[in-house]
Amino acid sequence: MARAELFASSKVKTDEIQPTLQEDFVEALKLAGISIVVLLVAAFFFSAVVGPFFALGSVEETVTDVLTRLALLILPYVAYISAASVARRYTFRATSRALGLAFSCAILIYALISAGHYLLDYGVFAPRPSLQMTLSQTDAGIRIDEVAPGGAAETAGMLPGDVITAIRRDPVDLAAFNKRLGQSELDAPLRLRFLRDGEEMQETARVVLVSDKELGVLLPGLAIVLVFTAIIVFLPGHWAPYIALVGLLFPLLIGYFWVIVATFSYRTKGLVPLDGNDNFGGFTLKNWESIFAGNIAGLEFNIWPILMTSMAIAVLMTFVVLLVSSMAGYALSRMDFPGRRFFLSFTLILHGFPAITLLIPIFIVLLRMGETPIIGDLIGFNTVGGIAMVMVAFQLPLGVWLMKGFFDNIPWDMERSALIDGASRFRAYWEILLPQIRPGLLALGIFAFIGGWNAYIIPATYSIGTGLSNLPVFLNELIDETAPVDWNQVAAVGLFQLIPIFIFFIFAQEYLLNIYAGGTKGSS
Amino acid sequence: MEIRIDNLTKKFGEVVGVEDLTLHIDDGEFVAFLGPSGCGKTTTLLTLAGIYKPTEGLIRFGERIVNQVQPKDRNIGMVFQSYALYPHMTVFQNIAYPLKLKKTPKNLQNESVRQVAGVMGIGDLLDRRPGQLSGGQQQRVALGRALVKEPDVLLFDEPLSNLDARLRLTMRGEIKHLQKNLGITSIYVTHDQVEAMTMADRIAVMSGGRLQAFDTPEELYDRPKTQFVAGFVGNPPMNFIDVNVSQSDGAYTAKTGSIRMTVPAARGAPAAEHAGAVVMGLRPEDIAIASEGEVAGEIFVVEPLGREDLIDVRVGEHSFILLANTESRHRAGERVALQFDMSQVQFFDPQSERSLLWRQ
Amino acid sequence: MLKHQAANSRRNALRSYLGAYGFMAPAGILVIVFFLIPVAIVLYLSVTNLASSNFTSDLAKMEFIGLKNYDTLFNDQFARKIFSNTIFYVLVTLSIFNVSLALIVSLLTTHIDRNAGFIFRAMWILPRITSPVVYILIWKRMIAEAPFGIINQFNELLGQPTYNYISTNPWVFVVVVNGFIGVSFGMIIFTSAIESIPKDLLNASLVDGSSRLQRIRFVILPLIRWPLLFVVTYQTLSLLTSFVEIQLLTDGGPGLYRTEVWSLTAYHRALSNYFGNAQWGYGSAFAVLLVLIGVVLAVIYMRVFRFDELIAEPRVEAL
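Chains as they are written, first to last, in the numbering used here: chain A, 1 to 524; chain B, 525 to 884; chain C, 885 to 1203.
Written out as structure tokens, the structure reads:
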């Protein structure tokens, strides 16, 4: 756009020759062709190179399979977009030319791709499970109108005029029958119950895969393509990134939407809240009540000690992480002592080191600490303190590094001034410097609190069989140990756990974005 | 408080901050440390404050050796370039902080702070925070905080360099006045020679971590002992040219190329004794443009400074900077003659850069 | 006099060091107890046959069996499968989500309105600040069978067949679930890198006649090479060692080790009674390999990304 504006005036002067319709057409088709080839190569790469490679290591290659299908699925749409992008230049100058160009390209591409599908038995022409007969719904049941000669139905002995009532013992209507058929695999036996001349009979038909190459199925597809193309031609350019961003976030958004809906309804199917009779609605607070009543799907509990444990871990962690990291960060930033360089490099190495790999030996460490008097009661195995200390240690490298960065940003004169005014190092740290890195303390504090509040694997591992559980551990118990799981009540516990997280998310986004890149942006 | 620095050396790993500095400062004296940035003046100041520990040498406050004494036990006050006011404290709390650390009783604290604030003229700002103050006000608060504990020594680290020109002039006078009234030994670090010349009793000129000269402003200006001091003190700086000084019939002449200048015997004699070329120094105010004179040249550039013009006159390959009255309206390219007042001429040894006239 | 001075000076230096060590002590103790000692213990455990049956927390009482655990590991037919699972998981998740999607999101959010871009980026933080248990709870409902699953509801709406995804496509969702968490890290790093590119440079390229895509290819990508490399190496290690989401979603199943990864195996063997008998020694052998990779990569990050050059000397020597 900017480019067009820039050169708009020069164009008038140089009296540039407008590209002819043919030239535009060729350019659009060329772009579309390139994108088709690229995606075909990608699909081939996933299915023929990546898949077999991992199959060698005996990975079931479903992901590469999905990628292949994804590439083939978006292939035509990328082609339409490429072609339409050429037409977009004329959208507001010559609308009919733009539409004509885009539509003619789209129809051509659609024809081309459909031809490919037709020849390769793919897409709309892919073989589907079928019994090779035509059916219609009647009051009595599903009436067989026609039976293809030599087809599966005929082989099974079905005749036109028979009325199907059930598959095995499940009564079916036409929709259910088609759904059942659609999910069947090749050669799967379907035992059909049907009425022939008022008499109930039963035959087993074997499913075959048939591609009924009727060109009529292409028409709805074509309509979709033309609408899609028109949208692309008229879509304001600056909307595109927003549409893409919302599209990428979509799974997350509906996921969190589900938690909220589920929490306030009796039950849900997908995203739809339902009452006891499967009708839309059924909004209720009973899921929340059951949290405080202490009984979910037969599992009895008391929410308050669980909540207290969660709080204790999070609060303890926040304070200890802030105190210990800021002290070490201060020393590393402001003090000279033998080994300082070593400690700094070591902090960085620890920052990169995946502490979670040490879960096994820390188990032994906590057990040994638990056997020590006094210390064991405070921070040993099976204690809130022990769990919190492990998590403090895991967050420490980040915390120290972050705090050092914040201290580094305070002018040296501040420190010198305090010392000359008569402060000791500790008072200078406590009274003069700490108040000045409040944003850093807040960011690290939020990080530590969220870490402690969300803690799952460490409390789950180091507090086995004590009834000492925090909210995430309890939530997981609910999912694992109740059958059937009442997902709506579980969702309520989940949302309950999420409340502080949502609060931080709403009020401290900036801090969160800064700190969750691992402190690489150390300054405020 | 008398301060004696003997053979002070401060190294940061391999980097030398200050080397072999010896300096004795009298009680109640106002001393300026003057030098370009990175010359070691601030390092010396921070070592005096106890922020840095000397690598070698001795520092005495009176009779006490303070090498290892902590800053808080030295009873010094310091004003920083950035003022270093504590942003989370009010002006009152800032000024009271040194007293609070001394555990002075609350009512005495209150009294002292109000008194100091009154002297500094910031009595009505005590409830504000530093962020709400102007630069000049912050400066006064910083000074108040340094003074409130009645220090034996006051240290200033370029305190005026963040202020605008007008305010700097006012504060300069105020600080000097205050220091004279209180009689506190003060050390003032600056790179601005006007500040140093106008405020200090004595100036220590430093360069490359070494002391170049330590003398009264007048001595430094009139009798510079090294070429560095001569060049650094005075604005615009002294003109230097390489000349040969010779004597014939009791008259001394300095020559280079086409330039010949007659030098008074008192100054010419030591220069003539030196074999080979010497560096001659002439201050801009000792050169004048005349209708006719000893040397002819061409005006290369004229820089109006307002009150006067700074004129660069080229004579052959030599360039002379001088000051001229704006009313003379000289133009670049004009051919002029130069007249030299040789009574203030300086001569330096080109190798050692020491003065040939004033021996140390 | 001077002698006295020297002694005095040494004593003072020592006192000032003690102060610094005082500040360092709490962090130091935690690091020793929860990093250094555990590294030593895990190395030792991996050469013992510690298991539920002979469990003791006393290192002296454990039975030393040399490298037998490693021998078993290298001859374990499942270890091979788990190894290739791990490579697959890391490569696919990293390339699709942690790098590509992260880059796409940061490019998109830096090309739209500043505030809107910020809000979109903030949304991507959500999976990371949600407890894994709640996050996986959401995904479990997302991929549940019809009629409860959200995806299957969309399938029904579009007239598509429905699936029991956890058994038909477990890998797809292991990758997607972890991928959605992993986007934010790269996104934040790339965004700050892109935002630090001078605006003039970006405008100049447009004036020079490049299209937006060309600008990304020839101006932006070359300028964010280092952040890109950083994200790749850093996230490789996080993916290699993180297992909680997989444990909660599939627990390595369905079936035998279908989605089991290396770090999850270490956990399963030693800490969860999956097999009825926790094999501490054998599990530690799995963990040791990850610890070694972690140490090596961590040292490499520090050297390659020159973190140690950021270390400045302190400029206050007083205690």
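Quick reminder that beta carbons are idealized off the backbone N, C-alpha and C, glycines included. Treat the numbers as computed from the prediction; the structure is a model and nothing was measured.
Environment of residue i [buried if 16+ CB atoms lie within 10 Å]
i	result
Thr68(A)	buried
Pro1082(C)	exposed
Ser879(B)	buried
Phe536(B)	exposed
Arg340(A)	buried
Gly781(B)	exposed
Ser1087(C)	Note on residue identity: the sequence assigns Asn, not Ser, to residue 1087(C). Asn1087(C) should be labelled exposed.
Ser523(A)	Low confidence applies to Ser523(A): its pLDDT is 30, below 50, so where it sits in the model is not reliable, and the reading given next is rough at best. Burial call: exposed.
Arg791(B)	buried
Trp1055(C)	buried
Trp239(A)	exposed
Leu558(B)	buried
For residue j and residue i, believed in contact at Cβ under 8 Å, the rounded distance
i	j	result
Leu322(A)	Ala448(A)	7 Å
Glu818(B)	Leu862(B)	7 Å
Trp453(A)	Ala314(A)	4 Å
Gly821(B)	Val839(B)	4 Å
Ile531(A)	Val392(A)	Outside the shown range of chain A (1 to 524) lies residue 531(A), about which nothing can therefore be said.
Ile458(A)	Ile437(A)	No, Ile458(A) and Ile437(A) are not in contact; Cβ-Cβ is about 28 Å, not under 8 Å.
Gly422(A)	Pro622(B)	5 Å
Gly221(A)	Val124(A)	7 Å
Contact with chain B by residue i, beta-carbon distance below 9 Å
i	result
Ala423(A)	yes
Gln436(A)	yes
Met335(A)	no
Ser417(A)	yes
Met414(A)	yes
Arg427(A)	yes
Below-9 Å beta-carbon distance, residue i vs any chain F residue
i	result
Pro629(B)	Absent from the structure: chain F. Protein chains present are A, B and C.
Candidates the options, of which the one nearest residue i by Cα
i	options	result
Val1172(C)	Ser930(C), Ala904(C), Leu1132(C)	Ser930(C)
Leu181(A)	Leu316(A), Leu135(A), Gly281(A), Val246(A)	Leu135(A)
Asn759(B)	Pro578(B), Leu650(B), Tyr745(B)	Tyr745(B)
Phe502(A)	Asp1135(C), Pro1011(C), Phe1064(C), Val1103(C)	Pro1011(C)
Ala944(C)	Arg368(A), Ile506(A), Gly380(A)	Arg368(A)
Glu698(B)	Glu580(B), Arg664(B), Asn763(B)	Arg664(B)
Gly912(C)	Thr347(A), Ala176(A), Ile515(A)	Thr347(A)
Ile1022(C)	Leu378(A), Leu271(A), Leu226(A)	Leu271(A)
Leu398(A)	Asn279(A), Trp304(A), Val172(A), Tyr516(A)	Tyr516(A)
Phe319(A)	Asp336(A), Gln509(A), Leu396(A)	Leu396(A)
Arg653(B)	Ala670(B), Glu674(B), Gln617(B), Asn634(B)	Gln617(B)
9 Å Cβ cutoff, residue i in contact with chain A
i	result
His715(B)	no
Arg584(B)	no
His995(C)	yes
Arg1109(C)	no
Gly912(C)	yes
Pro1031(C)	yes
Glu947(C)	no
His612(B)	yes
Val974(C)	no
Neighbour flag for residue i against chain C, beta carbons, 9 Å
i	result
Pro236(A)	no
Glu371(A)	yes
Trp453(A)	yes
His117(A)	no
Trp288(A)	no
Subject >> Against chain C: residues of the stretch 393–407 of chain A by CB proximity under 7 Å >> reply: Of all residues in the stretch 393–407 of chain A, Ala393, Leu396, Val400 have a Cβ within less than 7 Å of some Cβ in chain C.
Original post:
Which residues, in order along the stretch 949–963 of chain C, keep a beta-carbon less than 9 Å from a beta-carbon of chain A?
Top reply: Those would be none; no residue qualifies.
Original post:
At a Cβ cut of 7 Å, what residues of the stretch 1044–1059 of chain C count as close to chain A, listed as they run along the chain?
Top reply: Listed by position, the residues of the stretch 1044–1059 of chain C near chain A (Cβ gap below 7 Å) are Pro1045, Asn1053, Trp1055, Val1056, Val1059.
Original post:
Which residues, in chain order, does the stretch 459–488 of chain A contribute to contact with chain C at a C-beta distance below 7 Å?
Top reply: Of all residues in the stretch 459–488 of chain A, Thr461, Pro472, Leu475, Asn476, Ile479, Trp487 have a Cβ within less than 7 Å of some Cβ in chain C.
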